[in-house]
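Single-structure report; data block below.
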Amino acid sequence: MNATAISRAMAHRTPLISFVGKRSIPQNLDHTPRAHPQAPTKELPVSFAEYRKNASQHGPLASQRPSIVAAAGEYFDRNQLPRKFWRMTISKEEMEIIESGGAAAWA
Numbered sequence: 002m003n004a005t006a007i008s009r010a011m012a013h014r015t016p017l018i019s020f021v022g023k024r025s026i027p028q029n030l031d032h033t034p035r036a037h038p039q040a041p042t043k044e045l046p047v048s049f050a051e052y053r054k055n056a057s058q059h060g061p062l063a064s065q066r067p068s069i070v071a072a073a074g075e076y077f078d079r080n081q082l083p084r085k086f087w088r089m090t091i092s093k094e095e096m097e098i099i100e101s102g103g104a105a106a107w108a
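Structure representation (structure tokens):
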């Protein structure tokens with residue numbers, strides 16, 4: 002099939018979807034801000050700073066979060082553990098072997 006036949010076939014194509022009525026923007030939309038129907042207080046906050054004072058997202062926000070201290074025997078980072086639990090360092094030769102899939106070891 003050549004390009005001319007395809008373009009002729011596409012010229013008479015009508016879309017399968019049709020829209021009923023003329024496109025128009027409704028004039029009676031109310032754009033005034035208001036609280037969401039499921040909001041707990043049913044009113045808008047006065048300012049964003051006021052909202053941040055009382056807002057929580059899976060717990061308190063950063064300014065309200067208390068400092069966390071690890072209990073005895075608990076650690077937040079692997080490097081706080083004894084050295085035998087640290088990540089092993091990899092040499093450049095080992096990295097080359099890993100990246101080449103082992104082929105560099107036999108070359």
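Under the numbering used here, the residues of the sequence shown are numbered 2 to 108, in order. Backbone N, C-alpha and C fix where the C-beta goes; we use that ideal spot for every residue, glycine too.
- Take Ala106, set aside five residues on each side of it, and the residues of its chain with a beta-carbon closer than 6 Å to its own are Ile98, in chain order.
- If you draw a straight line from the Cα of Tyr76 to the Cα of Glu95, it is about 30 Å long.
- Separation of Thr42 and His32 (C-alpha to C-alpha, rounded to the nearest whole angstrom) is 20 Å.
- For Ala106, the enclosing alpha helix (DSSP H) covers residues 104-107.
- Spanning the alpha carbons of Lys23 and Pro46 requires a straight line of approximately 40 Å.
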